[in-house]
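Have a look at the structure below, then the notes.
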Amino acid sequence: MQAVSAQGTALSTIQSVQSSSSPRAGSENKQVVSSLNVGSQSSSYLGTGNQVARRSKKSEKLSRRLRNFIRASIIDPLKDIVDTTVVNPLKAGNSTGSTVEIKGKIILSRKGVLDLVNLGSSLIDDQLDLIFCQLVVFQLVSVDAKKDGQPKLSAKSSLENWVNPTASLTEKLIAGEEAYAITFRVPKDFGEIGAFVIRNNHPNQFYLHRVTLENVIGGVKYDFPCNSWVYNDRVYTDDRVFFTNKTYLPGQTPSGLKALRDRELVALRGNGKGTRVASDRVYDYDIYNDLGVPRPALGGSKDFPYPRRCRTGRAMSTSDPKAEVRASGSNYVPADEDFSRDKNSGFLASALKGVAHAVVPAISGLFDSTPNIWDDLSEIQRLYADGLDLGQNLADTDDAKDKAQLVFLDTLFKAHGDDKSILKYPLPQVVKNDAKAWMDDEEYGRQTLAGINPCVIRAVKEFPPKSSLNPQQWGPATALTEKDLQPYLEGLTVQEAISAKRLFIVDYRDIFLPYIERINKTSSKAYAPRTYFFSTSKGTMKPVAIELSLPPIQSKPASNRVFTPPIKKDDKNHYFWELAKAHAACIDFGYHELISHWLESHAVMEPFVLATHRNLSTLHPVHTLLLPMYKNTLKINSAARSALINANGIIETGFSPGQYSMEMSSKVYGAVWRFDHQAFPADLVARGMAEPADASQPGGVKLVMDDYPFAKDGLEMWDAIYSYIGKYLNIVYNGSDAAVQNDAELQAWWKEAVQVGHADKKDEPWWPKANSIKSLTDICATIAWIAGPHHAAVNFGQYAYAGFMPNRPSECKKLIPEKGSKEETKMLADPEAWFLSTLTSQTSTTIVITVLELLSTHAVDEEYQGKRLHDNWTSNPDVKAAFSEFSVKMEALQKRLEQRNTDPNLVNRSGPAKVPYTLMYPVSETSGLTGRGVPYSVSI
Numbered sequence: 001m002q003a004v005s006a007q008g009t010a011l012s013t014i015q016s017v018q019s020s021s022s023p024r025a026g027s028e029n030k031q032v033v034s035s036l037n038v039g040s041q042s043s044s045y046l047g048t049g050n051q052v053a054r055r056s057k058k059s060e061k062l063s064r065r066l067r068n069f070i071r072a073s074i075i076d077p078l079k080d081i082v083d084t085t086v087v088n089p090l091k092a093g094n095s096t097g098s099t100v101e102i103k104g105k106i107i108l109s110r111k112g113v114l115d116l117v118n119l120g121s122s123l124i125d126d127q128l129d130l131i132f133c134q135l136v137v138f139q140l141v142s143v144d145a146k147k148d149g150q151p152k153l154s155a156k157s158s159l160e161n162w163v164n165p166t167a168s169l170t171e172k173l174i175a176g177e178e179a180y181a182i183t184f185r186v187p188k189d190f191g192e193i194g195a196f197v198i199r200n201n202h203p204n205q206f207y208l209h210r211v212t213l214e215n216v217i218g219g220v221k222y223d224f225p226c227n228s229w230v231y232n233d234r235v236y237t238d239d240r241v242f243f244t245n246k247t248y249l250p251g252q253t254p255s256g257l258k259a260l261r262d263r264e265l266v267a268l269r270g271n272g273k274g275t276r277v278a279s280d281r282v283y284d285y286d287i288y289n290d291l292g293v294p295r296p297a298l299g300g301s302k303d304f305p306y307p308r309r310c311r312t313g314r315a316m317s318t319s320d321p322k323a324e325v326r327a328s329g330s331n332y333v334p335a336d337e338d339f340s341r342d343k344n345s346g347f348l349a350s351a352l353k354g355v356a357h358a359v360v361p362a363i364s365g366l367f368d369s370t371p372n373i374w375d376d377l378s379e380i381q382r383l384y385a386d387g388l389d390l391g392q393n394l395a396d397t398d399d400a401k402d403k404a405q406l407v408f409l410d411t412l413f414k415a416h417g418d419d420k421s422i423l424k425y426p427l428p429q430v431v432k433n434d435a436k437a438w439m440d441d442e443e444y445g446r447q448t449l450a451g452i453n454p455c456v457i458r459a460v461k462e463f464p465p466k467s468s469l470n471p472q473q474w475g476p477a478t479a480l481t482e483k484d485l486q487p488y489l490e491g492l493t494v495q496e497a498i499s500a501k502r503l504f505i506v507d508y509r510d511i512f513l514p515y516i517e518r519i520n521k522t523s524s525k526a527y528a529p530r531t532y533f534f535s536t537s538k539g540t541m542k543p544v545a546i547e548l549s550l551p552p553i554q555s556k557p558a559s560n561r562v563f564t565p566p567i568k569k570d571d572k573n574h575y576f577w578e579l580a581k582a583h584a585a586c587i588d589f590g591y592h593e594l595i596s597h598w599l600e601s602h603a604v605m606e607p608f609v610l611a612t613h614r615n616l617s618t619l620h621p622v623h624t625l626l627l628p629m630y631k632n633t634l635k636i637n638s639a640a641r642s643a644l645i646n647a648n649g650i651i652e653t654g655f656s657p658g659q660y661s662m663e664m665s666s667k668v669y670g671a672v673w674r675f676d677h678q679a680f681p682a683d684l685v686a687r688g689m690a691e692p693a694d695a696s697q698p699g700g701v702k703l704v705m706d707d708y709p710f711a712k713d714g715l716e717m718w719d720a721i722y723s724y725i726g727k728y729l730n731i732v733y734n735g736s737d738a739a740v741q742n743d744a745e746l747q748a749w750w751k752e753a754v755q756v757g758h759a760d761k762k763d764e765p766w767w768p769k770a771n772s773i774k775s776l777t778d779i780c781a782t783i784a785w786i787a788g789p790h791h792a793a794v795n796f797g798q799y800a801y802a803g804f805m806p807n808r809p810s811e812c813k814k815l816i817p818e819k820g821s822k823e824e825t826k827m828l829a830d831p832e833a834w835f836l837s838t839l840t841s842q843t844s845t846t847i848v849i850t851v852l853e854l855l856s857t858h859a860v861d862e863e864y865q866g867k868r869l870h871d872n873w874t875s876n877p878d879v880k881a882a883f884s885e886f887s888v889k890m891e892a893l894q895k896r897l898e899q900r901n902t903d904p905n906l907v908n909r910s911g912p913a914k915v916p917y918t919l920m921y922p923v924s925e926t927s928g929l930t931g932r933g934v935p936y937s938v939s940i
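The opening position of the sequence shown corresponds to residue 1 in UniProt numbering, with each subsequent residue numbered one higher.
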């Protein structure tokens, strides 16, 4: 009778969900419930099924529609279970003889939307579990196969007390996590446990964090780091399987796990067909043909080479058969890449979409009726003091989807209990201690070494500069002469400054010049710049010349205008110099966002993520090594394709390259990007910022300028990462290069990453071979650098420096007046007004800094260098010892960097703006906008 009573409650629950005020939510729940598969083809549920059938006949008060729904959702599946013969060996227990008891603990989170629990789905699961009991079924798998070669499985066991989890824990659970107990009985001769299979017969999925088996004979503890969504059993062709944290090279795989290891990889690869849905776990490749029409497809052609993205399988557009239809909701990512909880990394990725779909229109509407230019600098500063009143409460909505996307207002804009119509921005660090220091030439130069784009400056090797562009089409390579630079070189000639490694350049001329005419036909106005810097006797970096180039346009010849710092304070050239700095900074910021940030961390990482999941089993030790480096990368890249880099997205509408942004990043990828140069020491040597040295130097190189904060700190971090990875690989391959060469999964992984993931550059001679422990260390350390320190350096300081728009404008609206022109007269009449009218509009400014604050935010579940959220990621004691050593190195590095920032002789570590360089601090003690901490992955 208890089952009947509970079943009646279940029907009431289903009825209430079906009549929900949200048609979309009701439809979704109906779809999920109708796929219910209770019983896992086991006769243990048959009596309950008959009770359900009898009870449904007595429910005369229910509508015919609801009766049909219940029959289709519950009764018919139960009939199927009665009549079905067990054919899958994983669906049947096979233990015999004397058994022993094993106790386990399971940590999971039920289905939710961000931090908003979907009560309808939870209630349905609760009530159905009361009716049928034992709806989440487990079986243990031995490392030893049966005599016939099939996996050896335990008898079935079920998760206990779904409605009221009672497992006792010594660890602290995060909000949303629940702990459950489970009991297994296995034969005494069952052998070592290597995996478990699980069947979820609830209508709704849950996120399985981890499983621990503790009371095992001999005191052995088994840890299963799962981190995976488990959907209803009918979603899967085969049972879901999870392995322990004990890893094996392919040739070492125990007989009982071989078939499961291979089967998992096949499932994760998919068949390359069909449209992917949320429950899929398939990792596959595609080109960037989903950014919106009429943008060109990136990847798969000589004209537009590009790394591959995750395939979604959506249909082709009718207006452009080469373009994929844009997603109406979120882009597909494999299910396990999509876990969102309040303030975690998945949550922040979803928040990005909320900014694009809700906040951007509100900001745009606010400025539609204004001149859309800043009146003076104080008006910009008031943005941080007063906030931005949008005139509407964005969080006041009855739409569940919108509400879920806008929860981030409470998190990011400090709107707890306040008026949620006001966006409040923290004061960026670059103006926090000195409101005017950002205009100082030494601060401008310092930011090339310790700002948000410290990875492009190069040592000058020849003068005058040359160009790769045809001068007949694009004009002379330069108008610069030694006379332009001479007054600023402290008595040195240009050649002497070059020889002394004191002259440097940031050069974007050849990259941007072919696009300038097209950009200048839009509302943006730009030049192709190159900027020269000189390392002074004080150790500071000062700009000494800026050359701004325009291509020939119709009857106008090409133009190369040279600007130099005013020697006298009252020199009217001061205004031209400040405008030239602004234009050069604008292009630098655009390059930073598109190349240094998006292309060189986000985009190039995605093929490595895909190749790893497709070719390296979770049993593989290299998979275990690389997995932290991939956290949330596919999710944030998917969100970027929805809101940032898409046609008419935030990048196109807010940055000078505009609609040519992604096309330009493709050109840079094809012409410039090299995997071997992404290794940090190799990058520094290629840019002339370091020279080869002996092994006693960090990274085996010596900096040509010691007070280069990004490089100085980064080399020490590279050294520690490289050392740890080398030790790890020596442990798991037992010091054998032959083991690396004979590792079938590893060789397939690297071959696919190069030939498919980076197919447009697969024939380049500089790709390393994975044929030794040394070469594999080079590969894995480079991936670790791209995902971790490189991304941290170009990402988490964005708001600190570009959150104050005049320091790093994202676009310019006017070219610089020609001398003697009417525009020059207007500029000199009110220089500040002209300067601000040249820079980013009010609309673009507020949209861009809103996004920058989000992108600069650390999540609560961030995993930093030398730290792990849980210690269950490996069972290998030697690997644990190597990681402990790495952790100690990271703690020591943090202390050294903190001390380094107090040294007054290191003038580039804080500069005139007094912003200490903290972006290479390994750890951030708190989440949020901290400007410090290096996660393992491209997580935001």
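Each residue gets a CB set at the ideal place from its N, CA and C atoms; glycine is no exception.
So, are the CB atoms of residue i and residue j less than 7 Å apart?
i	j	result
LYS152	GLN139	no
PHE504	PHE533	yes
ASN227	SER638	no
ALA545	TYR728	no
ALA781	TRP750	no
PHE804	PRO454	no
SER937	HIS858	no
GLY300	ILE287	yes
ALA784	MET605	no
PRO809	LEU839	yes
SER142	PHE206	no
GLY866	PRO789	no
THR918	GLY931	yes
VAL277	VAL241	no
Restricting to Cα atoms, I'd like to know which of the options is closest to residue i.
i	options	result
ASP713	SER723, ASP683 and PRO698	PRO698
LYS635	THR312, ARG269 and LYS572	THR312
TYR222	ASN271, ASN232, ALA800 and VAL211	VAL211
ASP148	GLU214, GLU177 and SER255	SER255
ILE553	VAL163, LYS521, ALA584 and PHE196	LYS521
LEU489	ILE452, TRP474, THR540 and SER467	THR540
ASN573	THR99, LEU828 and SER642	LEU828
MET439	LEU427, ASP375, GLU578 and MET316	GLU578
PRO831	GLU752, ALA611, PRO817 and HIS620	PRO817
HIS209	PHE339, ASN164 and PRO789	PHE339
LEU815	SER524, GLY445 and ILE198	SER524
GLY445	GLU811, LEU776 and ASN807	ASN807
Have a look at the DSSP bridge pairing and note the partners of residue i.
i	result
ASN200	VAL136 and ASN232
ASN560	SER549
LYS103	THR183
GLY928	HIS858
THR212	LYS105 and ASP223
Strictly under 7 Å for the Cβ-Cβ distance: is residue i near chain D by that measure?
i	result
ALA640	Of the protein chains in the structure, only one exists, and it is not chain D.
Self-check item: Length-filtered (4 minimum) alpha helix (DSSP H) runs lying within the region 840-881
Solution: Those alpha helix (DSSP H) runs which fall completely within the region 840-881 and span 4+ residues are 842-855.
Practice problem: Would you check if the region 648-663 and the region 584-598 touch, i.e. whether three or more CB-CB distances between them fall below 8 Å? | Solution: Counting C-beta pairs closer than 8 Å gives three or more between the region 584-598 and the region 648-663, which meets the contact rule.
Exercise. Would you check if there are 3 or more beta carbon pairs closer than 8 Å linking the region 235-250 to the region 287-294?
Key: As far as the Cβ criterion goes, the region 235-250 does not touch the region 287-294, which means the pair count is below three.
Quiz prompt | Inter-stretch contact at 8 Å, needing at least 3 Cβ pairs: the region 555-575 / the region 474-489 | solution = Touching, yes, given that three or more Cβ pairs across the two stretches are closer than 8 Å.
Quiz item: Are the region 422-434 and the region 377-390 touching by the rule of at least three beta carbon pairs closer than 8 Å?
Solution: Yes: the two stretches touch, three or more of their Cβ pairs being nearer than 8 Å.
Quiz item: At a cut of 8 Å, does the region 433-450 reach the region 894-912 through at least three beta carbon pairs?
Solution: The region 433-450 is in contact with the region 894-912.
Quiz item: If you pair each beta-carbon of the region 170-186 with each one of the region 97-104, do three or more pairs fall below 8 Å?
Solution: Verdict: yes, contact present.
Quiz item: Is the number of C-beta pairs between the region 653-667 and the region 512-526 that are closer than 8 Å three or more?
Solution: Contact holds between the region 653-667 and the region 512-526, because three or more Cβ pairs, one in each stretch, are under 8 Å apart.
Quiz item: What residue ranges within the region 484-547 form continuous alpha helix (DSSP H) runs of no fewer than 4 residues, ordered along the chain?
Solution: You should have 494-499 and 509-520.
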